[in-house]
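A.B. asks: Can you read through this structure? Questions will come right after.
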DNA sequence: TCCTGTTGCTACGATTTCAGTAGCAAAAGA
DNA sequence: TCTTTTGCTACTGAAATCGTAGCAACAGGA
């Protein structure tokens, strides 16, 4: 069960009363581990423990909270084999992959 | 002056030793207000105070910290008229705009 | 010059979130 | 039955964030 409020499109979120979907997305993505979890799940589903390890040993309490967030956001779901992306989650992951290419360029510029 | 460590592609970041650019990006974007600031600066440059107001009254200490992060990441710069996106920053903003469309669909699915 | 307003920040205490470890109940093998 | 694995909760201390106050520098205006 998530202890924090879940950002929901159409409802006000932290720092914005507009209810615009992008604000809910910004709120959600701005939480630590959310992006990392989505990233680690881009392939096949992972068990809780596997996911924890993939995320560099994130504490289970935080991980569990984030899994709750992501489940309420309908981006991941618990399957028989652990946690996996939903259709929406996979789509978001694909969008995010475009950012990977940007990040490569960014790395070159920065160094 | 930023008090937190800046995620840099090529160097280990929070939760990842790989040094992959995408990990640095995930680390950076996973900090509260980072995405929001980039979003609010997508148009014209804003002064510190204007940006603060645009971000729903975020505390100046945090805002200042994030501005430092973003400057070190070469995504924003201080111009004469306040803070504005760099070329890289504007590019990232464009990538992120694709996510706006995704968020619209997400909103429909969720409700 | 003095007054007033704006701007970019710093300081600081209170609150929230995160990290790190320990451990437990349920399920799965062996 | 005995042992592992799995999913998760509990707890404590550290770190990040919030919210407010306020200050120095600069820009008019009177």
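Chains as they are written, first to last, in this note's numbering: chain B, 557 to 667; chain R, 557 to 667.
Backbone N, C-alpha and C define an ideal beta-carbon position, used for all residues, glycine too.
In this text the structure is predicted, and so the values were computed from the model without any measurement.
Which class does residue 635 (chain B) belong to by DSSP, given the choice of helix, strand or coil?
C.D. replies: strand
A.B. asks: Check the Cβ of residue 586 (chain R) against every Cβ in chain B and list those closer than 8 angstroms, keeping chain order.
C.D. replies: 585, 586, 587, 588, 589, 590, 591, 592
A.B. asks: Please tell me whether residue 660 (chain R) has its Cβ less than 8 angstroms away from any Cβ of chain B.
C.D. replies: By this cut-off, residue 660 (chain R) is an interface position.
A.B. asks: Return the CA-CA distance between residue 605 (chain R) and residue 617 (chain R), expressed in angstroms with no decimal places.
C.D. replies: Their backbone Cα atoms lie some 12 angstroms apart in a straight line.
A.B. asks: For residue 609 (chain B), tell me which candidate among B:627, B:577, B:624, B:589 has the shortest Cα-Cα distance.
C.D. replies: Of the residues B:627, B:577, B:624, B:589, the one whose Cα lies closest to the Cα of residue 609 (chain B) is B:589.
A.B. asks: What three-state label does DSSP hand residue 649 (chain R) in the structure shown?
C.D. replies: helix
A.B. asks: Does residue 630 (chain B) have its Cβ less than 8 angstroms from a Cβ in chain R?
C.D. replies: yes
A.B. asks: Kindly say whether residue 647 (chain B), judged by its beta-carbon, lies nearer than 8 angstroms to any beta-carbon of chain R.
C.D. replies: yes
A.B. asks: Please report the distance separating the alpha-carbon of residue 634 (chain R) from that of residue 646 (chain R).
C.D. replies: 14 angstroms
A.B. asks: Does residue 616 (chain B) come within less than 8 angstroms of chain R when only Cβ atoms are used?
C.D. replies: no
A.B. asks: So residue 623 (chain R) packs on residue 586 (chain B), CB below 8 angstroms; how close in whole Å?
C.D. replies: At roughly 16 angstroms, the Cβ-Cβ gap does not stay under 8 angstroms, so residue 623 (chain R) and residue 586 (chain B) are not in contact.
A.B. asks: Leaving out five residues on either side along the sequence, give the residues of the same chain with a beta carbon under 8 angstroms from the beta carbon of residue 642 (chain R).
C.D. replies: 630, 631, 632, 633
A.B. asks: With a CB to CB cut of under 8 angstroms and the five nearest residues on each side skipped, what residues in its chain are close to residue 638 (chain R)?
C.D. replies: 601, 602, 603, 604, 606, 607
A.B. asks: Which same chain residues end up closer than 7 angstroms to residue 661 (chain R) when comparing Cβ atoms and leaving out the 5 residues on each side of it in sequence?
C.D. replies: none
A.B. asks: Return the Cβ separation of residue 628 (chain R) and residue 611 (chain R) in integer angstroms, given the expectation that the two are a contact with Cβ distance under 8 angstroms.
C.D. replies: The pair is not a contact, with the Cβ atoms about 19 angstroms apart (cut-off 8 angstroms).
A.B. asks: Would you mind telling me which residues of chain R sit closer than 8 angstroms to residue 651 (chain B), beta carbon to beta carbon, in chain order?
C.D. replies: 654, 655, 658
A.B. asks: Excluding the five sequence neighbours on either side, which residues of its own chain have a C-beta within less than 6 angstroms of the C-beta of residue 598 (chain R), listed in chain order?
C.D. replies: 649
A.B. asks: Is residue 666 (chain B) helix, strand or coil by DSSP?
C.D. replies: helix
A.B. asks: Of all the CB atoms in chain B, is at least one closer than 8 angstroms to the CB of residue 663 (chain R)?
C.D. replies: yes
A.B. asks: Does the beta carbon of residue 577 (chain B) come closer than 8 angstroms to any beta carbon on chain R?
C.D. replies: yes
A.B. asks: To which residues of the same chain is residue 619 (chain B) closer than 6 angstroms at the C-beta, ignoring the five residues directly before and after it?
C.D. replies: 608
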